[in-house]
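Asker:
Residue numbers (the numbering used here): 55 to 90.
Structure, rendered in structure tokens:
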């Protein structure tokens, strides 16, 4: 049961980290293109 909780925590953290990374990348791309 502990393993399932740990697995769910890692999965949610991974999704948040990936979403933050994609958001930062998109902002950087828009900044270089001067769209903002």
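Glycine included, C-beta positions come from ideal geometry on N, C-alpha and C.
Since the structure is predicted, the reported quantities are computational estimates derived from the model, not experimental observations.
#1: How many angstroms separate the CA atom of residue 74 from the CA atom of residue 65?
#2: By how many angstroms is the C-alpha of residue 69 removed from the C-alpha of residue 87?
#3: Distance check for residue 81 and residue 56, CA to CA, integer angstroms please.
Answerer: Reading from the atomic positions:
#1: So the alpha carbons of these two residues sit roughly 14 angstroms apart.
#2: Each residue's Cα considered, the two are about 27 angstroms apart.
#3: Straight-line Cα distance between these residues: approximately 38 angstroms.
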